[in-house]
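Down below is the structure, laid out as structure tokens.
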Amino acid sequence: AGRKPKKPGGRAPPAPPPAGLELLDAARPSTRDLLAFERDGHCAMRGLLSPAEAALVLAELRAEHARRTDEMAAKLRADHGERFQKREVPFEQLFNLWTCSAAARAVVGSERLARTAATLLGCERVR
1404 AGRKPKKPGG RAPPAPPPAG LELLDAARPS TRDLLAFERD GHCAMRGLLS
1454 PAEAALVLAE LRAEHARRTD EMAAKLRADH GERFQKREVP FEQLFNLWTC
1504 SAAARAVVGS ERLARTAATL LGCERVR
């Protein structure tokens, strides 16, 4: 009751990327990238995102981070009074910021990043 029927294959089609997000095809990981990933479990791939993509995602995530930090600081002030009069939060750990950003969601869920991850992991595809 009230649930949307699933599409064949169980997944809804991905939403189109927001304006300003190019989602270009990225170059395949280089041999150097593959070796670094195998050795270290991570690698830095320059050019995986265009400068415009990176700037858009970063701006949205910074705005969401600031909003959540302000909320936490207000709660600390309400709960603990004068000890927390500044905006700063003594410890903060934020999870799943990508869920609050259309640009980040489009990049994280992009076929391009999935192909890159699959190549680095040496498998056909990733979820």
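Residue numbering for the sequence shown follows the working numbering, beginning at 1404 and increasing consecutively.
Quick reminder that beta carbons are idealized off the backbone N, C-alpha and C, glycines included.
Since this is a predicted model, take the numbers as computed values, not measurements.
Can you give the beta carbon distance from residue i to residue j, rounded, assuming they're within the 8 Å contact cut?
i       : j       : result
Leu1500 : Leu1464 : 5 Å
Pro1454 : Thr1519 : At roughly 18 Å, the Cβ-Cβ gap does not stay under 8 Å, so Pro1454 and Thr1519 are not in contact.
Glu1467 : Val1510 : Not really, about 14 Å apart at Cβ, beyond 8 Å.
Leu1459 : Ala1506 : 5 Å
Residue i: which of the options sits nearest, CA to CA?
i       : options                            : result
Cys1399 : Arg1508, Leu1523, Glu1514          : A question about residue 1399 goes unanswered here, because the residues of the chain that appear run from 1404 up to 1530.
Gln1496 : Leu1437, Ala1469, Leu1451, Val1511 : Ala1469
Pro1498 : Gly1484, Thr1434, Arg1471          : Residue 1498 is actually Phe in this sequence, not Pro. Among Gly1484, Thr1434, Arg1471, the Cα nearest to that of Phe1498 is on Arg1471.
Arg1515 : Arg1480, Arg1442, Arg1530          : Arg1530
Gly1450 : Asp1436, Leu1479, Glu1441, Ser1504 : Asp1436
Residue i and residue j: beta carbons closer than 8 Å?
i       : j       : result
Ala1517 : Arg1528 : yes
Worksheet item: Which ranges would you report for the alpha helix (DSSP H) in the region 1495-1524 if only whole runs of at least 4 residues count?
Response: 1505-1511, 1514-1524
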